[in-house]
Amino acid sequence: MINITLKDGSKKTFEPGITPEGIAGSIASGLKKKTVAAYVDGVVYDLNRPIYQHAEVDLITKDQPTAFEVLNHSTAHLMAQAVKRLYPDAKFGVGPPIKEGFYYDIATESTIKEEDLEKIEAEMRRIIKEQIPMVRDEYSEAEAKRLFHDDPYKLELIDELEDGEIISVYTQGEFVDLCRGGHVGNTKHIKHFKLLSIAGAYWRGDSDREMLQRIYGTSWFTKEDLDAHLAKLEERKERDHRKLGKQLRIFHLDRDAGQGLAMWLPNGYTIRKVLEDYVYDLERKAGYLHVSTPVLGTKKLYQISGHFDHYEEHMFPVMERDGESFVLRPMSCPHHMIIYNSELRSYRDLPIRLAEIVTMHRYEASGALTGLERVRAMTLTDSHIFVREDQIKQEVLAAYNLILRAIDDLGLKIDYVELALRDEEKGKFHDDDEKWDYAESVMKALLDEENISYREVKGEAAFYGPKIDIQVRTAMDHVITMSTVQLDFLLPERFDLTYIGQDGAKHRPVVIHRGLVSTWERLMSILLEQYKGAFPLWLAPIQMQLIPVNSEAHGEYANILHKYFIDKGFRSSIDAREEKLGYRIREGQTQKIPYQLVIGDNEVDTNTVTYRRYGEKAQKTVSLDAFVTLMQEEVEAKTKRH
RNA sequence: GCCCACGUAGCUCAGUCGGUAGAGCAUUUGCAUGGUAAGCAAAAGGUCACCAGUUCAAUUCUGGUCGUGGGCUCCA
441 MINITLKDGS KKTFEPGITP EGIAGSIASG LKKKTVAAYV DGVVYDLNRP
491 IYQHAEVDLI TKDQPTAFEV LNHSTAHLMA QAVKRLYPDA KFGVGPPIKE
541 GFYYDIATES TIKEEDLEKI EAEMRRIIKE QIPMVRDEYS EAEAKRLFHD
591 DPYKLELIDE LEDGEIISVY TQGEFVDLCR GGHVGNTKHI KHFKLLSIAG
641 AYWRGDSDRE MLQRIYGTSW FTKEDLDAHL AKLEERKERD HRKLGKQLRI
691 FHLDRDAGQG LAMWLPNGYT IRKVLEDYVY DLERKAGYLH VSTPVLGTKK
741 LYQISGHFDH YEEHMFPVME RDGESFVLRP MSCPHHMIIY NSELRSYRDL
791 PIRLAEIVTM HRYEASGALT GLERVRAMTL TDSHIFVRED QIKQEVLAAY
841 NLILRAIDDL GLKIDYVELA LRDEEKGKFH DDDEKWDYAE SVMKALLDEE
891 NISYREVKGE AAFYGPKIDI QVRTAMDHVI TMSTVQLDFL LPERFDLTYI
941 GQDGAKHRPV VIHRGLVSTW ERLMSILLEQ YKGAFPLWLA PIQMQLIPVN
991 SEAHGEYANI LHKYFIDKGF RSSIDAREEK LGYRIREGQT QKIPYQLVIG
1041 DNEVDTNTVT YRRYGEKAQK TVSLDAFVTL MQEEVEAKTK RH
């Protein structure tokens, strides 16, 4: 007999060979139904994997995240079996569970088309009906290699396993796959799934290797969960900034204007200008000095900085004129270095915080371009802070706090903070271990002292130094780098930056690179998706729409109000067209204008306005002054509506 | 850049098993004048992304180019 200790501390004895399913069934039949797999001494066991030793067992029930992974992993296998039946030459790469489902990478001479997914789904249902058990076996490396002798992908994976690691193989009817597990034990446990899309994916994620066909799918325990997930995917399409950007006339892309070269339409530019003014003011109050520098610069400038050597492939090609080489700038750091050096600096001058709204151009791979999210011409509020070493901590922290403030004002949420460090890869980072060690230790110490929790990522640093990246999760569930604070000991050296210290000697300043809220392009895509196009009042391109009931009777008063609002600094519009009231209201609603004001006899007679807030059905009549106060307070509150 | 799919009016889409196309909304013009999500009618609007090939004939079939989308790679 073996002793099984359950999670709640209770102990039970079983015959050796008992399975997690058996343990669950011995406790309650309801539990058996809910159990998908189990942790046995910390290792995930299949529902039907026998246990032969004394062990601690923690049953994994359907409501746990691990259960979703197990289910989706098993569904990936189920799909692979179906694919193998339909495409006998198919070989398989990897097929893991992912956050919202699973995928499997497939190599076959045939091209699997979107319309084939239905056929594969049908075959999967057939296999479910066959109630095929998923049986786990353990192999030695040599045995496993014999088993998969005609599958180059599996052989490569086996080769990379640690020596001595147990190689487990799952047999599911005629289908055999190398796999770590765990699984749901039998195909009959898989019920509610859908294959979603087909895409290309490089083998091992390496763009030099062949491309496999990847099928994405998702699998759930209940039909309700599956339907809810599919509805969520639909809902995401409604939030897509490309769709909203067109509907609300925010930006425009045109093939003749250039791929990835977005044009801002009046509505979009209005929002951008509000953001620019907001950031300018925020920085001004935080002691930043604003500058402006050209979009074009010499190639030499970027050779001095080292950018050209590291990023030439991401820059537009060099232009030649008068025997000199020019490039479109991919960033502004070098210009700011030159500005710093344009006069003699004293230790008393530092820190010097230079800021600029910078337009820059980067050559992004054509396949990477996406709406406003990934473009080739972008504008961002960039800053370089020149400090003495003793000022690093206070200035990094101040920049960090400014970022927190801006993200909060925009109504966005930080997902996590990342500390990007270098790794050993040669040539990727500039070569000065002493400086690197120091810079990395300064960043770590600062985060630790301030109790900021963060994830360390090796190899993600800039070539000139470590960086703190602030990651935001978008409404589309993408994690993106919103803001960054980077420490740089390299560029000051390359540009020979100095200041005169208290001792009268020359010293080298340190540069802090700071990106506040990504680029306007990317920020706009995030805000569109975040607010589903219904912008908070302070950002809304049109804040109120005035609708006179009858333009003859009420048009004059409406016009007076309109001018009054404009004078007060609001973005007002008036719709006095000879159209039905309902028609004009509908149009304002589809444009998601925050306030609609209908002006009729009542309003003219009593000097009031009747408004309807976007998203609400109710109408309210208030005095003109009360309305203006309401608007001002809401603009002031930014995203925090009272 | 790579794999797959897609590209029809300003927008959203239908259609042509090869005989140069249609709807709704938007636009323009009449008529209607109204209290919270589409009043009625008419007109105008398209080299069916572009370039080749096959064919008596191509928007439709084939090839290429460009663009867009889903992914992969990349993202200072």
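Residue numbers (this note's numbering): 441 to 1082. Ideal placement from N, C-alpha and C gives every residue a C-beta, glycine not left out.
- In the three-state reduction of the DSSP assignment, L887 falls in the helix class, which pools H, G and I.
- Annotated three-state conformation of D545 is strand, per DSSP.
- Taken in chain order, the complete alpha helix (DSSP H) segments of 4 residues or longer contained in the segment 563-613 are 581-587, 592-600.
- By a beta-carbon distance limit of 8 angstroms, G905 contacts L930. Their separation comes to about 7 angstroms.
- In the DSSP assignment, W960 falls within the alpha helix (DSSP H) that extends over 960-971.
- Under the three-state reduction of DSSP, A639 is assigned to strand.
- Contact holds between the segment 1016-1023 and the segment 983-1000, because three or more Cβ pairs, one in each stretch, are under 8 angstroms apart.
- C-alpha of V1049 to C-alpha of Q831: approximately 54 angstroms in a straight line.
- Fully enclosed alpha helix (DSSP H) runs of no fewer than 4 residues occupy 663-679, 681-687 of the segment 661-688, in order along the chain.
- When DSSP assignments are scanned along the segment 983-1020, the uninterrupted stretches of alpha helix (DSSP H) that are 4 or more residues long and fall wholly within it turn out to be 991-1007.
- The residue among W704, L595, E969 with its C-alpha nearest the C-alpha of K585 is L595.
- By the 16-neighbour rule on beta-carbons within 10 angstroms, Y856 is exposed.
- If you ignore the 5 residues before and after D591, its C-beta comes within less than 8 angstroms of the C-beta of K531, F532, all in its own chain and listed in chain order.
- Taking the C-beta atoms as reference points, K447 is found no nearer than 8 angstroms to D503.
- Counting along the chain, no alpha helix (DSSP H) covers L701, and no H or E run does either.
- Only residues of its own chain outside the window of five on either side were considered, and among them I987, D1015 have a CB closer than 6 angstroms to the CB of R1024, listed in chain order.
- F869 and R1026 have their C-alpha atoms spaced approximately 56 angstroms apart.
- Between the C-alpha atoms of S637 and R802 there is a straight-line separation of about 30 angstroms.
- Taking the C-beta atoms as reference points, K1032 is found nearer than 8 angstroms to A974.
- According to DSSP, residue pairing for V483 in a beta bridge involves V480.
- Between D481 and the set G470, G465, P460, the nearest pair of CA atoms involves P460.
- Look at A495 here: in three-state DSSP terms it is strand.
- With contacts defined by Cβ atoms closer than 8 angstroms, L618 and A547 do not form a contacting pair.
- Residue burial annotation: H754 is exposed, with fewer than 16 other C-beta atoms found within 10 angstroms of its C-beta.
- Across the structure, A507 and A464 are spaced so that their CA atoms are roughly 15 angstroms apart.
- By the criterion of a C-beta distance shorter than 8 angstroms, A726 is surrounded in its chain by R793, A838, L842, once the five residues flanking it on both sides are discounted.
- Taking the CA atoms as reference points, Y1004 sits about 14 angstroms from Q1072.
- By the neighbour-count definition (other C-beta atoms within 10 Å, threshold 16), I1000 is an exposed residue.
- Counting along the chain, A860 sits inside the beta strand (DSSP E) bounded by residues 854-861.
- The beta carbon of L850 lies closer than 6 angstroms to none in the same chain, with the five residues before and after it left out.
- Rounded to the nearest angstrom, the gap between the Cα atoms of Y971 and G807 is 27 angstroms.
- Between the alpha carbons of P528 and R649 lies a gap of roughly 23 angstroms.
- When secondary structure is reduced to three states using DSSP, Q834 falls in the helix class.
- With a threshold of 16 other beta carbon atoms within 10 Å, L784 falls short and is exposed.
- With fewer than 16 other Cβ atoms from the protein chains shown falling within 10 Å of its own Cβ, R689 counts as exposed.
- Distances from the CA of S823 to each of R724, K539, M441 were compared; the closest alpha carbon is that of R724.
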